[in-house]
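Numbered by this note's numbering, the letters in the sequence shown go through residues 398 to 604 in order.
Okay, structure first, notes after.
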Amino acid sequence: MKAMISNGVRGAGILAAFTVVFTALMAGAYSLTREIVLKNEEQARTQLIAQTLPAGSYDNNLLADTRLLSAEDSRRLGNDKPASIYLAKKGGKTVAAVLEAVAPDGYAGKIQLLVAVAANGNVLGVRVVTQQETPGLGDYIDAAKSNWIRQFEGKSLASPEVERWKVRKDGGVFDSNAGATISPRAVVGAVKRTLEYVVVNRTTIFE
398 MKAMISNGVR
408 GAGILAAFTV
418 VFTALMAGAY
428 SLTREIVLKN
438 EEQARTQLIA
448 QTLPAGSYDN
458 NLLADTRLLS
468 AEDSRRLGND
478 KPASIYLAKK
488 GGKTVAAVLE
498 AVAPDGYAGK
508 IQLLVAVAAN
518 GNVLGVRVVT
528 QQETPGLGDY
538 IDAAKSNWIR
548 QFEGKSLASP
558 EVERWKVRKD
568 GGVFDSNAGA
578 TISPRAVVGA
588 VKRTLEYVVV
598 NRTTIFE
């Protein structure tokens, strides 16, 4: 009887030890996997940010020179959580800012954007970070699908005039594909709001 109890205790001890080791291994694997995922996400974001800026226009680490916006300012750019501004510097001087913005009124939901604006107020580049648009219809807003997004480059609130910051269907200057104007309209609006935010906060951003 004592032998049976002893064997039972020993078996329980082995099972408990196995559980502890297994849990530790799983936790380690999760931690390692998460680190890899975060590193890949950071690399992808860095590459996407770089696409919004002209090659050779900055010489700093964009992710290192980042500011977190207040909740209020983030909402002005369409974000429902704190957004970031990535500062592009040349020789220690801030020459451009890449802002996280959101077009909340896309056809299939929110469209997350990166909008690069030069110190003179001109758009340097815009890229879609995430979108859920219909493949082959509204997803042409993504640079991976077409060059549509590049028509913002060089634009400002002065050129075109503020009232012309619309798709052509609405009397503006921005092209859109027939039958798929909702998401382009949303992106145009988000980029315009981003420029307006930069104009109001220019001194703070480019100090």
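Beta carbons are placed, not taken as given, at the ideal position from N, Cα and C, and that holds for glycine.
- If you ignore the 5 residues before and after T527, its C-beta comes within less than 6 angstroms of the C-beta of Q509, all in its own chain and listed in chain order.
- Take G506, set aside five residues on each side of it, and the residues of its chain with a beta-carbon closer than 6 angstroms to its own are Q529, in chain order.
- In this structure, the beta-carbon distance from I602 to I482 falls below 8 angstroms.
- With fewer than 16 other CB atoms across the displayed protein chains lying within 10 angstroms of its CB, K487 is exposed.
- Along the length of the region 447–519, whole alpha helix (DSSP H) runs at least 4 residues long occupy 468–473, reported in chain order.
- Comparing alpha-carbon positions, the option among A541, D456, I546, Q444 lying closest to A583 turns out to be I546.
- The Cβ atoms of L496 and V512 lie closer than 8 angstroms to each other.
- In the DSSP assignment, A587 falls within the unbroken alpha helix (DSSP H) covering 579–597.
- The alpha-carbon of L450 is positioned some 10 angstroms away from that of V492.
- A distance of 8 angstroms or more separates the beta carbons of L460 and P479.
- Straight-line measurement puts the Cα of A485 at about 12 angstroms from the Cα of T443.
- A distance below 6 angstroms between beta-carbons, with the five flanking residues on each side excluded, links S573 to the following residues of its chain, in chain order: V564, P581.
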